[in-house]
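What follows is one structure encoded as structure tokens, with my remarks underneath.
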Amino acid sequence: MQAFTLVHPSDAKAAVVAASHSNAKYIAGGTDLLQLAKDNIETPDHLVDLEALNLSRIEAGPGRLRLEALARMSDVAAHPAVVKSWPVLSQALLASASPQIRNMGTMGGNLLQRTRCGYFRDTGFNCNKRNPGSGCPAINGENRNLAILGGSDQCIATYPGDMAVALLVLDAQVELSGHAGVRTVPIGDFHRLPGDTPHIETELQPGEMITAIRIPATAERSAYLKVRDRSSFAFALVSAAVALDIQGGVIRSARVAAGGVGTKPWRLPEVEAALTGKPANADTLKAAADRAGEGAHPASMNAFKPLLLRRTVLRALQTVSV
Ligand SMILES: Cc1cc2nc3c(=O)[nH]c(=O)nc-3n(C[C@H](O)[C@H](O)[C@H](O)COP(=O)(O)OP(=O)(O)OC[C@H]3O[C@@H](n4cnc5c(N)ncnc54)[C@H](O)[C@@H]3O)c2cc1C
Ligand code: SF4
């Protein structure tokens with residue numbers, strides 16, 4: 003593990019200045035970063051601890067939610083307003099990791115967790131994401147858990163998180179603070195496709211930090227369904243987040259996204275289009291779910307994912323349309 007200095011700035015401006023050090027990283031709960039540092043996957047020599055920033059409020063107003071970056075996963079999942087008005091978010095968080103990790107893991111750190119591709123997490127292998135230009139052994143190797151959507155010939159690593167998939171169907175905005183001030187980025191634009199630069203994973207600029215996540219409207223009729231190899235403490239093979247607005251038996255609007263299948267959290271506009279304006283009945287749901295993942299490119303070991311995705315989306319839609 004690389005030796006590092008540790009600083010504890012007390013406001014966001016000072017944190018941004020401290021993080022401008024050439025090999026600096028922010029640290030929040032440390033549940034992902036410390037493991038990566040111990041394994042020499044990440045080698046920061048300067049850590050900027052965000053704990054003293056006092057950025058852990060959960061602000062639930064009428065029809066909107068603002069989650070500060072240091073709010074803990076467990077606190078957000080259990081917040082009564084989140085459980086009632088944004089069930090998809092509470093369910094996605096509760097399906098993540100373990101109670102101990104959720105007690106430490108934060109909103110900002112969760113969005114920035116790194117892929118679970120085994121080659122990325124083992125310095126004994128080449129990996130374009132860890133060492134640009136070195137190659138991608140996963141493309142012809144162990145790729146059962148990797149992406150079927152959004153991959154490139156440089157990288158097919160899956161984005162591993164659950165919460166960001168729920169945030170997609172809530173049209174969340176990520177609030178950032180950096181040298182140029184405060185700005186917001188829609189969650190759908192926050193994570194990047196790998197393309198030729200799989201090591202660049204988000205729209206964050208050097209030194210920029212996440213200060214909050216903003217959700218503009220409630221979504222009572224929403225749900226998250228995660229399918230995995232064991233029923234707890236495992237990353238998604240496939241997951242689905244859905245939010246429907248049904249009035250008079252007709253689907254007025256639909257937002258649907260998937261996890262475990264994309265190189266970033268993946269919105270499914272083809273499913274949304276097949277639901278919108280249609281009667282909320284079994285035929286509509288089935289026809290819409292059957293379109294999930296159009297254009298997918300399975301790798302050698304995950305040809306099972308497209309069918310699993312369609313079935314997962316259908317089950318999730320069924321839970322919110324009764
Ligand atoms: C065994 C295990 C199982 C897991 N299972 C799941 C799962 O099923 N589903 C799931 O979604 N997740 C899972 N996780 C991941 C877990 O949710 C993340 O480790 C956690 O959310 C990271 O939050 P953190 O605050 O500890 O981040 P840290 O480890 O502190 O930081 C992670 C990254 O974010 C950066 N960072 C942190 N906060 C900010 C900020 N405010 N602004 C800018 N950069 C920042 C850090 O520099 C670092 O690069 C699992 C983790 C483990 C160890
Ligand atoms: S899929 Fe991406 S993360 Fe995995 S080995 Fe290839 S380049 Fe590395």
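Just so we're aligned: the sequence shown equals residues 3 to 324 in my numbering. Built from N, CA and C at the ideal position, the CB exists for glycine as well.
Membership of leucine 91 in the alpha helix (DSSP H) is indicated by the continuous run 89 to 96.
Along the length of the region 230 to 270, whole alpha helix (DSSP H) runs at least 4 residues long do not occur. The beta carbon of proline 300 sits closer than 7 Å to the beta carbons of Ile150, Lys307 and Pro308 from its chain, once the five residues preceding and following it are set aside; these are given in chain order. In chain order, Arg68, Leu69, Glu70, Ala71 and Glu177 place their CB closer than 7 Å to the CB of alanine 214, counting only its own chain and leaving out the 5 sequence neighbours on each side.
Within its own chain, the residues whose Cβ lies closer than 8 Å to the Cβ of serine 136, once the five positions on either side in sequence are excluded, are Asn128, Cys129 and Asn130, listed in chain order.
For threonine 265, the closest alpha carbon among the candidates Leu148, Ala221 and Ser179 is that of Leu148.
Using a C-beta cut-off of 8 Å, the region 225 to 235 makes contact with the region 93 to 110, since at least three inter-stretch Cβ pairs fall below that distance. Secondary structure of leucine 195 (DSSP, three-state): coil.
For isoleucine 202, the CB contacts under 7 Å within the same chain, skipping 5 residues up- and downstream, are Arg194 in chain order. When secondary structure is reduced to three states using DSSP, valine 176 falls in the strand class.
Under DSSP, glycine 63 shares a beta bridge with Arg66. Beta-carbon to beta-carbon, arginine 257 and valine 171 are separated by about 4 Å, close enough to satisfy the 8 Å threshold. A check of alpha carbon separations from glutamate 144 across Asn133, Cys157 and Arg132 identifies Cys157 as the nearest. Spanning the alpha carbons of glycine 110 and leucine 91 requires a straight line of approximately 15 Å.
Shortest gap from the CB of lysine 131 to any heavy atom of ligand 2: under 8 Å.
A heavy atom of ligand 1 is found nearer than 8 Å to the CB of proline 162. In the structure shown, leucine 309 adopts helical secondary structure according to DSSP, grouped into three states.
Pairing isoleucine 212 with leucine 310 gives a Cβ-Cβ distance that is not under 9 Å. Taken atom to atom, the span from the alpha-carbon of cysteine 119 to that of glycine 63 is near 39 Å. Residue pairing for aspartate 51: DSSP places it in a beta bridge opposite Ile29.
Here glutamate 205 is near phenylalanine 192, since their CB atoms are less than 9 Å apart. Taking C-beta separations shorter than 6 Å and ignoring five residues to either side along the sequence, the partners of arginine 104 in its chain run Met75 and Ser76, following chain order.
Looking at the backbone, the Cα of leucine 287 and that of alanine 17 are separated by about 47 Å. It is roughly 36 Å from the alpha-carbon of methionine 303 to the alpha-carbon of alanine 221. Under the three-state reduction of DSSP output, threonine 321 falls in the helix class. Taking a C-beta distance under 9 Å as the contact criterion, valine 240 and valine 273 do not qualify as a contact pair. A residue is called buried when at least 16 other Cβ atoms come within 10 angstroms of its Cβ; serine 179 meets this threshold and is buried.
Excluding five sequence positions before and after proline 218, the CB atoms of its chain that fall closer than 7 Å to its own CB belong to Arg66 and Asp173, given in chain order. With fewer than 16 neighbouring CB atoms inside 10 Å of its own CB, proline 281 falls in the exposed class. By the neighbour-count definition (other C-beta atoms within 10 Å, threshold 16), threonine 125 is an exposed residue. For asparagine 128, the shortest C-beta to heavy atom distance toward ligand 2 is below 8 Å. Distances taken from the Cβ of isoleucine 215 to the heavy atoms of ligand 1 include none shorter than 8 Å.
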